[in-house]
Amino acid sequence: MLMDIIINGLINGSVYALLAIGFSLVMGVARIVNIAHTAFYMASAYFIYMGFTFAGLSPLLAMFCALPVTVAVGLACYRLFIKPIQEHEAAVLIGTIALAIAIQEAFLMSFGGSFLGVPPLIKGYTWILGVKVTWQHLLALGVALLVLLAVRLFLMRTSVGLAIRSTAQDREVANLMGMNVTRVAMWAVAVSVGLAAIAGAIVVPLVVLDPHMWMHPLIMMLAIVVLGGLGSIEGSFVGAYIIGFTEALVVFLIPLGAFLKDSVALSIMILVLLIRPEGLFGVVFEEER
Amino acid sequence: MRRLGVLGSVLLAAVLLVGLCGTAQAVEPIKIGVAGPMSFTQGQGHWNGATLAAMEINAKGGVKVGNVKRPIELIKVDTNEFMSIPDATNAMELAITRHKVDFLVGGFRSEAVLVMQDIAMDNKKIFLGCGAAHPELCTRVTKNYNRYKYWFRITPINSKFLGKVIFIQLGTVAAMMKQAFGLKKLSVAIIAEKAAWNEPIVAAAQAALPKMGMKVAGVWRPSPVAKDVTAELGAIQRSGANIIFTSFSASVGIPFAKQWGELQVPAPVVGINVEAQKDGFWAATGGKGEFTQTLNTYARVKMTEHTIPFFDAYMKNFKEAPNYTAGTYDAVLLLAWAVEKAGTLNSDKVVPVLEKSKTVGTAGLLAFSKDHDVIWGPGYVTSLGTQWQGGKNMAVWPYKWEGITFEGTVPVKFPPWVIKRYKK
Chain A
1355 MLMDIIINGL INGSVYALLA IGFSLVMGVA RIVNIAHTAF YMASAYFIYM
1405 GFTFAGLSPL LAMFCALPVT VAVGLACYRL FIKPIQEHEA AVLIGTIALA
1455 IAIQEAFLMS FGGSFLGVPP LIKGYTWILG VKVTWQHLLA LGVALLVLLA
1505 VRLFLMRTSV GLAIRSTAQD REVANLMGMN VTRVAMWAVA VSVGLAAIAG
1555 AIVVPLVVLD PHMWMHPLIM MLAIVVLGGL GSIEGSFVGA YIIGFTEALV
1605 VFLIPLGAFL KDSVALSIMI LVLLIRPEGL FGVVFEEER
Chain B
9 MRRLGVLGSV LLAAVLLVGL CGTAQAVEPI KIGVAGPMSF TQGQGHWNGA
59 TLAAMEINAK GGVKVGNVKR PIELIKVDTN EFMSIPDATN AMELAITRHK
109 VDFLVGGFRS EAVLVMQDIA MDNKKIFLGC GAAHPELCTR VTKNYNRYKY
159 WFRITPINSK FLGKVIFIQL GTVAAMMKQA FGLKKLSVAI IAEKAAWNEP
209 IVAAAQAALP KMGMKVAGVW RPSPVAKDVT AELGAIQRSG ANIIFTSFSA
259 SVGIPFAKQW GELQVPAPVV GINVEAQKDG FWAATGGKGE FTQTLNTYAR
309 VKMTEHTIPF FDAYMKNFKE APNYTAGTYD AVLLLAWAVE KAGTLNSDKV
359 VPVLEKSKTV GTAGLLAFSK DHDVIWGPGY VTSLGTQWQG GKNMAVWPYK
409 WEGITFEGTV PVKFPPWVIK RYKK
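Chains A and B, in that order, give the protein sequences. First residue of the first sequence? That's 1355 in my numbering, and the numbers climb one at a time after it. First residue of the second sequence? That's 9 in my numbering, and the numbers climb one at a time after it.
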């Protein structure tokens, strides 16, 4: 049973990490609490479905096509709905909730509430230490690790990454130093939405498509981000695995309470916040400001 | 002036007469509210079934009430009950107070229908349930007849009978496994979404399995909207279960079937999976849901002389097979029949007619018990067991049960990985 818990925890955690990293990035560097983040993940999933079902593309090609489309939609949403209110954090929060619901309703109107599916990129399963694991889950695990590495390299080794980090540290000083902070924010949003789209591509074959599929990951993602420390990418990664392992523990140790796995995970978040309000890898808010 | 006054009076009288004649000639429709989550397949089933019945009735000139034939007018009552019970209550209030519906059919989630039922009863509106299985909906009729007598359940059979049917189907599969693979004592994993309607089924399963000579390997209760149940499936496989007994009405039925097929868990699946009753299941699971067996209401088998014509008309009009909420078809036809027989729309006079009714529906002989629940059993509504085989949802039960095998029924098939696991 221990191996089951470890393997399932790793897989659950990787899927959550894929979602949480993008959210954390845009929150950390552009100070945008983008509640619509998982709505873009959903949009990516629907674009893949459309490419696969209506355009007759292979799942892989549909995924590659969906990625730029989702990023374009994300950037358009940023320019139209988020940028005008970016200075007001509460307005951004509420505005992105409205945006997410608008995206949900658009897909509900177009596809109805029926549950749809996208085939996995790699079919079948394998055994790892006596536990059955689908190849798609393993792919999610691998991609999550690669994405984390790539995001880290992007932020640490590229000039755009440097600009993003500088802007995140002090927007006004970055502006005074001649950086185009608007463009930097656009970059951050593009990368974030791109990550949501990748998460959509990798995760969607594992789950079910419906216009409300963005809500549950959003809750779990917020919990992970708060648990790991607001805006901390490393924190999100670690938080994702804590939540993932907790869910697996609940299912294996309390099968009758399997439906409680989200509640238990959220309770752990509350517990961590009571002991360490800034989260595991976060900085104290006053310090940050 | 005087001549103009006379002329004016004559014109006024003529206008009034025309108006009166017009009023006398306009036949007021019978308004039936079709309540369901209209953005979802279940609600679409409600609406499509009722639409088909209304089309048939109206094509024949309508429902004869006294000496007048009145057409059926359907009012769409979008309850959105999957997402919000307050939305469902608001929709019901709107249908009754603003649209002035005469009758109501539909409802899906028991938690919502219990509240919707109260609103209908407050307004003395006959409400024919076509979706919710919780026994309390009918128990209320016995407890407080005068208040709840306007409620009747058309479909599905209640949780207690649903449990009975799925245990019979489970027993059939268990017997087949014993016979095919020489297994002596079977172990069964129960996996049921956490929802009110499921509580009696889970309790009954835990009690019934040992009596049926089987061991309970464990009980798992995922959320109705869980998107990933690989951990549950891993735990089930680890438990050594030979059969998985499912009880799902919500979306969790799809990831379960998809991941069960992908992981090739060596235990056949039998029970309820409402998502597996729908045509879209095959595409939603990418074909991985093959061999999923579920309790069902409709398949293209001859349960009564009305089943296949209804099934074909539904396919022709809506390009998909009916799911059980399309039982609104029987509900609307039954209402029309009862209104004609009572000669009035008055609920208090239609109720006794419904209570005594025995009509042949699309899923069996439709009659009601004292608590206004649809009667289950041989000769009445029996329900079906269906299994996905080669992309088609085939009827597999009743198969030689109580002497019943509906024309077109096929035997259950085991997945190849189950055969490989147990075949010596």
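Where is the CB? At the ideal position from N, CA and C, for every residue including glycine. These figures come from a predicted structure and were not determined experimentally.
Specify the secondary structure class of residue i as computed by DSSP and reduced to three states.
i          : result
Trp425(B)  : helix
Asp86(B)   : strand
Ser234(B)  : Going by the sequence as given, residue 234(B) is Ala instead of Ser. The answer is coil: DSSP assigns Ala234(B) none of H, G, I, E or B.
Trp1541(A) : helix
Arg229(B)  : coil
Gly387(B)  : coil
Tyr158(B)  : coil
Phe1435(A) : helix
Glu415(B)  : coil
Asn1388(A) : coil
Glu81(B)   : strand
Ser255(B)  : strand
Leu1411(A) : coil
Met1575(A) : helix
Ala1420(A) : helix
Between which residues of its own chain and residue i is the CB-CB distance below 6 angstroms, once the five residues before and five after are set aside?
i          : result
Asp381(B)  : Cys146, Arg161 and Asn166
Val1558(A) : Ala1399 and Val1472
Cys29(B)   : Confidence at Cys29(B) is low in this model, with a pLDDT of 44, below 50, so its placement is unreliable and the value that follows should be read with caution. Taken in chain order, the list of residues that qualify is empty.
Met100(B)  : Met124 and Ile127
Trp228(B)  : Ile199 and Glu240
Val1562(A) : Phe1469
Just reading off the alpha helix (DSSP H) that residue i is part of, what are its end residues?
i          : result
Ala1399(A) : His1391 to Thr1407
Tyr337(B)  : Thr336 to Ala350
Asn1366(A) : Leu1356 to Ala1384
Leu392(B)  : No alpha helix (DSSP H) contains Leu392(B), which is instead part of the beta strand (DSSP E) from Leu392 to Gln397.
Gln301(B)  : That residue, Gln301(B), is in no alpha helix (DSSP H); its beta strand (DSSP E) goes Gln301 to Asn304.
Trp1481(A) : Unbroken run through Trp1481(A) is the beta strand (DSSP E), Tyr1479 to Ile1482; no alpha helix (DSSP H).
Leu1603(A) : Ile1587 to Leu1607
Ala203(B)  : That residue, Ala203(B), is in no alpha helix (DSSP H); it is neither H nor E in DSSP.
Lys324(B)  : Thr315 to Phe326
Within a Cβ cutoff of 8 angstroms, which residues of the same chain sit near residue i, ignoring the five residues on either side of it in sequence?
i         : result
Ser47(B)  : Asp86 and Asn88
Asn331(B) : Thr49, Gln50, Gly53, Val282, Gln285, Lys286, Thr305 and Tyr306
Ile40(B)  : Ala58, Ala62, Ile80, Glu81, Leu82, Ile83, Val109, Asp110, Phe111, Leu112, Val113, Val340 and Leu343
Leu102(B) : Val85
Which chain B residues are close to residue i, counting only those with a beta carbon under 8 angstroms from its beta carbon?
i          : result
Leu1356(A) : Within chain B, no residue comes near Leu1356(A); the closest Cβ sits about 11 angstroms away, beyond 8 angstroms.
Phe1377(A) : Going along chain B, no residue has its Cβ under 8 angstroms from Phe1377(A), so there is no contact; the nearest lies around 18 angstroms.
Leu1462(A) : Ser47
Would you give the residue range spanned by the beta strand (DSSP E) that residue i belongs to?
i          : result
Tyr407(B)  : Tyr407 to Trp409
Ala1522(A) : Looking at the DSSP string, Ala1522(A) is not in any beta strand (DSSP E); the run it does join, the alpha helix (DSSP H), is Ser1513 to Gln1523.
Trp268(B)  : Careful: Trp268(B) lies outside any beta strand (DSSP E), inside the alpha helix (DSSP H) at Gly261 to Leu271.
Thr1488(A) : Val1485 to Thr1488
Thr293(B)  : Thr293(B) -> no beta strand (DSSP E), and no H or E assigned at all.
Leu374(B)  : Leu373 to Ala375
Ile198(B)  : Leu194 to Ala200
Ala1456(A) : Element bounds for Ala1456(A): not the beta strand (DSSP E) but the alpha helix (DSSP H), Glu1443 to Phe1465.
Thr367(B)  : Lys366 to Val368
Ile38(B)   : Ile38 to Gly44
Could you list which residues in chain A have their beta carbon closer than 7 angstroms to that of residue i, in chain order?
i         : result
Pro230(B) : Ala1612 and Phe1613
Ser195(B) : Those do not exist, as Ser195(B) stays about 14 angstroms from chain A at its closest Cβ, beyond 7 angstroms.
Verify the contact flag: residue i, CB atom, against every heavy atom of the ligand ADP, threshold strictly below 6 angstroms.
i          : result
Val1497(A) : This structure lacks the ligand ADP; in fact it carries no ligand of any kind.
Near residue i, what residues of its chain come up, given a Cβ to Cβ distance below 7 angstroms and the 5 sequence neighbours on each side ignored?
i         : result
Thr31(B)  : Any reading at Thr31(B) needs caution, since the residue's pLDDT is 44, under 50, leaving its predicted position unreliable; the model's value is listed next. So the list is empty, once near-sequence residues are dropped.
Gly269(B) : Thr293, Lys296, Gly297 and Glu298
Kindly list, in the order they appear in chain A, the residues whose Cβ is closer than 8 angstroms to that of residue i.
i         : result
Asp236(B) : Asn1366, Val1369, Leu1560 and Val1561
Thr293(B) : Gly1471
Ile262(B) : Phe1469, Gly1471 and Val1562
Ala211(B) : In chain order: nothing, as chain A lies at least about 12 angstroms away.
What does residue i touch in chain A if you count any residue whose Cβ is under 9 angstroms from its own?
i         : result
Gln272(B) : Gly1478, Tyr1479 and Lys1486
At a CB-CB cut-off below 9 angstroms, which residues of chain B make contact with residue i?
i          : result
His1570(A) : Ser231, Val233, Ala234 and Lys235
Can you pull the chain B neighbours of residue i, defined as C-beta to C-beta under 7 angstroms?
i          : result
Pro1609(A) : Gly226, Val227, Trp228 and Ala243
Within 7 angstroms (strictly less), CB to CB, does residue i reach chain C?
i         : result
Lys202(B) : Within the model displayed, chain C is absent; protein chains A and B are what it includes.
Check whether the segment 1586-1597 of chain A touches the segment 200-208 of chain B, counting contact only when three or more Cβ pairs, one atom from each stretch, lie closer than 8 angstroms.
no
Do the segment 1388-1396 of chain A and the segment 1368-1378 of chain A touch if we need at least three Cβ pairs shorter than 8 angstroms?
yes
Decide if the segment 1594-1609 of chain A is in contact with the segment 1359-1370 of chain A; the criterion is three or more beta carbon pairs, one per stretch, under 8 angstroms apart.
yes
Is it a yes or a no for the segment 136-155 of chain B touching the segment 388-398 of chain B, going by three-plus beta-carbon pairs under 8 angstroms?
no
Is there contact between the segment 1476-1487 of chain A and the segment 1500-1513 of chain A, where contact requires at least three CB pairs shorter than 8 angstroms?
The segment 1476-1487 of chain A makes no contact with the segment 1500-1513 of chain A; the number of CB pairs closer than 8 angstroms stays below 3.
Counting pairs of beta carbons, one from the segment 208-222 of chain B and one from the segment 1551-1566 of chain A, are three or more of them closer than 8 angstroms?
no
Using a Cβ distance threshold of 8 angstroms, determine whether the segment 1521-1539 of chain A contacts the segment 1609-1623 of chain A, with at least three qualifying pairs required.
no
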